[in-house]
Structures are given as C-alpha cells and as structure tokens.
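Enquirer:
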Amino acid sequence: MRITKDNLKCFDDEVKKLCNRTIFTNDPLYKNHYIPFKPYNLQKLVVLYANDNSDTFNQVLGGAGGFGGKTSVGSMLAAQYLPYDDDYTCLVTRRNYAELLDTNSIWENLISWCCDEETLGKDYVCDYKLSPSPKIIAPNGNTIYFKAFDHEKKKQKLKSASYDRIVNDEASELPVQVLKFQYRSLRNTSAIPLSIINLSNPGGESTDYLISKFVDGSSPYIAMDWRDNPFINKHKYSVSLDELDYVDQQYQKYGNWHYKPTSGDLITFKELEKSLTPPSYVDNYKVMFNGIGIDLAGRGRDRTCPASMVLLENGKKMLVGLTGDESAYPEETVYNFIEKQIQDYYTNVIKFEREPGGDSLYSLRYWQDELYDLTFPDGVIVDDIGTGSKSKFNRARPVARAIKNGELLISDDIDDDCLQRLFDQFIYISPSPEEMANLKSPDELDAVVYAYLIIKELESSYVVPK
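Number 1317 marks the last residue of the sequence shown (our numbering); no jumps.
In structure tokens:
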C-alpha cells in the first residue's frame, strides 16, 4: 500500500520518541553516535514504520527509482540500536558478496560511521571482521551481520539464526524464497521492535512478490527516489538517467514497479544495423584482448555457436567472428573457428557454456583435450562460464546497451545467416520463460553474451589508454 498524505498512519508518541532518541535528534545527551546524518522526510517515514508498535513485527518497502537514499536509510536503521544495551542483532542482506561489501554499500557506510576510532573515541568505536562472515561488533556486543543470498538454497543460512531486524538491500534482486523464509528468523526477547526493511528499485526476480505484498498489497510502501532526495542535483541526475536503455529507465528513472519488459524492448534493428563495421576497423588499433564464448548445443533445435570478440586500444569492443553448427558433432567447426581467431588475434581466453549438474566437469575436460594442440603452445586459457542470471533477456541487456551506446561494434563480414539469426534473437528474446519455451533457443546471442562477459573481465584487469 503506497503511503500518501491521505493514508499516513498517526504514530503514537512512544514511537516518535523512540525514533527521535535513536535517529532523529541532534541533542548530544541522546544522539546516536553511530549515525552522523539525519534522514529527510520520506526516509523518516521508513524509520517510523520500521519502529511502529506491533503485536508481531513491522515490515516496510522503501524505494522506486534510483538515488532516493535507500542505502543511507538502510544504514541508519541497521545502526539504530547499536549503542544501546538491548542485546541487538541485525542482518543486512544483498544478492552477492561483491555488492554487499562494495563502494557506497551499507557495509561501507557503517565501517565509516562506526569503526573510526579518531571520530568516535575508544569507548564507542566498533570492531569489524570480514571472515568467516562480515560483521560489525559494538563494544557492548551488539552485532550487525552481513550475508549474501544469490540462490534460494542459501536460505538455510537463516535457519538457526535470530535477528531483531533484517535490512534487505535491493530486495527485488533476492530470491523470493529467501524473502519469505526470513520471517522465521525474526525473534527476540528485548523491547526492540521486530522489523524487516526492504529497500529496492523494481526489476529483480522478486519484483512481483514485492508488488503483491507492498506496492499493491496491505503492507506499507514508501515511494522514494531521486525526485525526492533533497541532497542531489536533480537535473544532472535526470540527464544521466536518459543514457540508460529503455528497460533501465523504467526502473531507475521512473521507478515503475508495474513495467514488464517484452520482446523488442532490448534494441531495434536500426540500432543493430548501425553497429555494423568493416573488419578493417580493427587494423587501425592494437588488439588488447581476444575472447571466445561458446554456447553448446543442448537438445532439439539448438546449435553450437562460438563467438569471438576483441577489445581494442581505443576502448571499443568488436564482435569479429560468429558461426553455428547444428550437427551432433560440432568439433571440427569449433576447432577451425578457434584456429582462425588464434591466428588473427592471439586469443587469450576461451570459455564454454557450463553444462548443468555433473556433466560440467566432463564437458570441460573433453573440450580442453580436443583443443590442446591449439591452445597449449600459446597459453590460451580454456574454461567454462556460468550463466549468471537465469533470464536470457537480462543477460543480454548489457550487450544491447553496449551496442546502443557505440561501445560494441559488429563486423559486417560475419556470415549473413548468422547475423540475421543474431539480430532476430535480439528482437524476439523475451523475459517471459513461457514465451521463450515456444521460441528457438537464441544460441548466437548466448555465445555473444559469453564473449562479452569474457572481454569485460579481461578489460577490468587492464587500464585502456585514453
């Protein structure tokens, strides 16, 4: 239920005093030493709903578009009861550990706010540990734990734990089963209000769950984004959001919870055709890296497709090779394709689609043996690559964005049939599993996505000259 002026709850004085004493006040007698900033009006609403009087527990969703202050209010709520002797435990979650501990994360905020002895002094400074799992420990023993949940099976990490508060950063990206399972770990014997705070933009795999429970449901939803944040330059940020693709604009600029991507939203034929570039373009620049991604045929209508991509010294990426083989024995096609790429571009890395289950190791070893005489002399790495997101649509979005922005070019001497299939796949690929089940597998597109991921990984290890 979206909270507006018309349905805003009248909080009792006890709740207001609690929030004032622990977060809102500037009075040095009561000030929470771990929270150096005060929330703006919509952030205050998230705080109030998280601390409401309840016979059971509180739950609230805050967010919409980007830059609304979700991370900062999440940091405030995590640290709210840290200095008080109430045996407080809090859990902060994110989909993966890289994002959990990344720059501008709740973790980074709290390390700055809570673990700086020069600012806080010895009596208040908190300790922190990264291993075996990240946590921040106050001098009184109160603890904030940090955990990542990139798969529903990891909900078992919650099984025996008890928390007063759970803060889900970018909740829509967490698996639905993890969000549902958290309630069993919300328990305490103190007077601290039990609460789950979901902070998120729309667009992740749990978007529909959050819509049904908060946006369209009975639980409170505070719509807050860059349009509400008084601490940013709204005009500049709005212009920067215009550079996003159509899908991301719906989520990040407009905070549209009800937008559902459909086939055709990724990129247009005109934008794809605009990326076509003569192969001679590569001759003008030094090739920094070459990576080959290979999508292996499964069953039915699939084909095995290798795709080759280069990173040039000017920072551009270029798809320089793509082919496909529908036969049950594609070894010769793959071998010949890789041989040519190694001759032309001194290939660095080849990665095959990771097979499901126990077939993964066998498949990789098979291809390593098949390609040994090609790859060993030049030290070419042969490995497999995980698919990441289950959604082929979501996996293709960064590639489509790079093409639209002119960062990824496509060689126009790639076989016409391969190019046509690739372009068709960019257009018809859908976020709906039901729709995709009735369509041809986008094998060429999958291979290009793998090649792009390889090049991005290689690029991150090297500073391209400006």
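Glycine residues also receive a C-beta, built at the ideal position from the N, C-alpha and C atoms.
Note that the structure is predicted; figures quoted are calculated from it, not measured.
1) Would the stretch 1181 to 1189 count as touching the stretch 1219 to 1239 if we require 3 or more Cβ pairs under 8 angstroms?
2) Is the separation between the beta-carbon of Ile957 and that of Val897 shorter than 8 angstroms?
3) Lys1010: which of Pro990, Arg1038, Thr876, Asn1165 sits nearest, CA to CA?
4) In the DSSP assignment, what are the bridge partners of Gly913?
5) Using the Cα positions of Asp1267 and Val1299, report the straight-line distance between them to the nearest angstrom.
6) Suppose the cutoff is 6 angstroms on Cβ atoms and the five residues either side in sequence are ignored; what does the same chain contact list for Gly920 look like?
7) Quick one, are the C-beta atoms of Cys1269 and Leu1163 less than 8 angstroms apart?
8) By DSSP, does Val976 sit in helix, in strand, or in coil?
9) Hey, how far is the Cα of Leu1212 from the Cα of Pro1284?
10) Any idea if Phe1120 is buried or exposed, counting beta-carbon neighbours within 10 angstroms, 16 or more meaning buried?
11) Over what stretch of residues does the alpha helix (DSSP H) that includes Phe918 continue unbroken?
12) Taking 8 angstroms as the cut-off, decide whether the C-beta atoms of Lys1064 and Val1029 are in contact.
13) Any chance you could list the alpha helix (DSSP H) runs of at least 4 consecutive residues sitting entirely within the stretch 1095 to 1171, in chain order?
14) Cα separation between Leu812 and Asn902?
15) Between the C-alpha atoms of Leu1127 and Leu1025, what's the straight-line distance to the nearest angstrom?
16) Could you spell out the range, first to last residue, of the alpha helix (DSSP H) harbouring Ser1262?
17) Pop quiz: Gly1142 and Leu1309 are said to be a contact at Cβ under 8 angstroms. What is the actual Cβ separation, rounded to whole angstroms?
18) What does DSSP give as the partner residue(s) for Ile1017 in the beta ladder?
19) Does the Cβ of Lys860 have 16 or more other Cβ atoms within 10 Å, making it buried, or fewer, making it exposed?
20) May I have the straight-line CA-CA distance separating His884 from Tyr1110, to the nearest angstrom?
21) Between Gly1209 and the rest of its own chain, which residues show a CB-CB distance below 6 angstroms, the 5 nearest in sequence each way excluded?
22) Measuring alpha carbon to alpha carbon, tell me which of Phe1140, Val1171, Arg1272 ends up nearest Ile1232.
23) Report the rounded CA-to-CA distance for Ala1302 versus Leu1215, giving the unit in angstroms.
24) What residue range is occupied by the uninterrupted alpha helix (DSSP H) comprising Glu808?
25) Report whether the distance from the Cβ of Leu893 to the nearest heavy atom of the ligand NAP is below 7 angstroms.
26) Taking only three categories from DSSP, how would you classify Ser1214?
27) How far does the alpha helix (DSSP H) with Ala949 in it reach, from first residue to last?
28) Is it buried or exposed, Tyr932, if we count other Cβ atoms within 10 angstroms and call 16 or more buried?
29) For Ile957, report the span of its alpha helix (DSSP H) as first-last.
30) With DSSP run on the structure shown, which of helix, strand or coil describes Thr1226?
31) Using the Cα positions of Ser1311 and Lys1202, report the straight-line distance between them to the nearest angstrom.
32) Could you tell me the alpha carbon to alpha carbon distance between Arg1154 and Ser1292, rounded to whole angstroms?
33) If you reduce the DSSP assignment to three classes, tell me which class Leu1304 lands in.
34) According to DSSP, simplified to helix, strand and coil, what is Glu1204?
35) If you draw a straight line from the C-alpha of Ser1089 to the C-alpha of Asn877, how long is it?
36) Out of Ser1091, His1002, Ile1280, state which residue places its alpha-carbon closest to the alpha-carbon of Trp1077.
Expert: From the atom records:
1) yes
2) Judged by their CB atoms, Ile957 and Val897 are not nearer to each other than the 8 angstroms cut-off.
3) Arg1038
4) Leu1050, Ile1073
5) One Cα belongs to Asp1267, the other to Val1299, and the distance between them is close to 16 angstroms.
6) Gln894, Asn1080
7) no
8) coil
9) 27 angstroms
10) exposed
11) Where Phe918 is concerned, there is no enclosing alpha helix (DSSP H), given that its DSSP letter is neither H nor E.
12) no
13) 1120 to 1125
14) As displayed, the chain neither begins before 852 nor continues past 1317, which places residue 812 out of reach and without an answer.
15) Put simply, the backbone Cα of Leu1127 is about 37 angstroms away from that of Leu1025.
16) Careful: Ser1262 lies outside any alpha helix (DSSP H), inside the beta strand (DSSP E) at 1259 to 1262.
17) That pair is a contact at about 6 angstroms.
18) Leu942, Ile1047
19) Burial call: exposed.
20) 41 angstroms
21) Because Gly1209 carries a pLDDT of 49, less than 50, the predicted location of this residue cannot be relied on, and the following value inherits that uncertainty. Nothing meets the Cβ criterion.
22) Phe1140
23) Computed Cα separation, rounded: 17 angstroms.
24) There is simply no residue 808 to check, as the chain begins at 852 and stops at 1317 in what is shown.
25) Questions concerning the ligand NAP fall outside what the structure shown contains, since it holds no ligand whatsoever.
26) helix
27) 948 to 951
28) Taking all protein chains in view, the Cβ of Tyr932 is crowded by 16 or more other Cβ atoms within 10 Å, so the residue is classified as buried.
29) 957 to 965
30) helix
31) 17 angstroms
32) 8 angstroms
33) Three-state DSSP puts Leu1304 in a helix.
34) strand
35) Roughly 32 angstroms between the two C-alpha positions.
36) Comparing Cα positions, the closest option is Ser1091.
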